[in-house]
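*Asks:*
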Amino acid sequence: MYELQSGFCSTFSSPKRLEILNVLRDSELTVSEILERMSISKTNLSQHLAVMKNQGVLETRREGQHIYYHVANKKILQAYDLIQEVLIELMNKKLATLK
Numbered sequence: 002m003y004e005l006q007s008g009f010c011s012t013f014s015s016p017k018r019l020e021i022l023n024v025l026r027d028s029e030l031t032v033s034e035i036l037e038r039m040s041i042s043k044t045n046l047s048q049h050l051a052v053m054k055n056q057g058v059l060e061t062r063r064e065g066q067h068i069y070y071h072v073a074n075k076k077i078l079q080a081y082d083l084i085q086e087v088l089i090e091l092m093n094k095k096l097a098t099l100k
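Below you can see the structure in the form of structure tokens.
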């Protein structure tokens, strides 16, 4: 189980993948729509999306010629938010010790 968890968590080791997760937070988007919201090449984005899809973080839905990406499980976003809260608390604690 630890190896599964470690592999899954490694999906989030890239800042760009975290940004993709945040971009897809409220809606499903095509690659073109994601590109409009991020500063990333199409090739690089496609690689990140493939990793995230293979790990089960993202799912796709085809509609005609378009493929829409969305977050597979809303609990992933809850974990994202929780980790962000912890980091903010840690930064505030460090700032307080510097004063």
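The numbering used here numbers the first residue of the sequence shown as 2 and each following residue consecutively. We treat Cβ as the ideally placed atom computed from N, Cα and C, and that holds for glycine.
1. Is the CB of threonine 44 under 8 Å away from at least one CB in chain C?
2. What residues match up with arginine 63 in a beta bridge as DSSP calls it?
3. If you run the structure through DSSP and keep just helix, strand and coil, what is leucine 25?
4. Answer yes if the region 34 to 51 comes into contact with the region 83 to 93, meaning at least three C-beta pairs across the two stretches below 8 Å, and no otherwise.
5. Which partner residues does leucine 30 have in the DSSP bridge list?
6. Distance check for leucine 99 and leucine 30, CA to CA, integer angstroms please.
7. Under the three-state reduction of DSSP, which class applies to glutamine 6: helix, strand or coil?
8. Taking tyrosine 69 as the reference, give the member of Glu60, Gly8, Phe13 with the closest Cα.
9. Using only the alpha-carbon positions, how far apart do serine 11 and serine 28 sit?
10. May I ask which residues mark the beginning and end of the alpha helix (DSSP H) holding methionine 53?
*Replies:* The answer reads as follows:
1. Structure shown: chain C not included; a single protein chain is present.
2. The partner list for arginine 63 (beta bridge, DSSP) reads Ile68.
3. Per DSSP, reduced to three states, the secondary structure at leucine 25 is coil, with no helix or strand assignment.
4. Not touching, per the Cβ criterion.
5. Leucine 30 pairs with Tyr70.
6. The alpha-carbon atoms of leucine 30 and leucine 99 are separated by roughly 43 Å.
7. Of the three classes helix, strand and coil, the one that applies to glutamine 6 here is helix, per DSSP.
8. Here the closest residue by C-alpha is Glu60.
9. Each residue's Cα considered, the two are about 24 Å apart.
10. Here the alpha helix (DSSP H) through methionine 53 covers 43 to 55.
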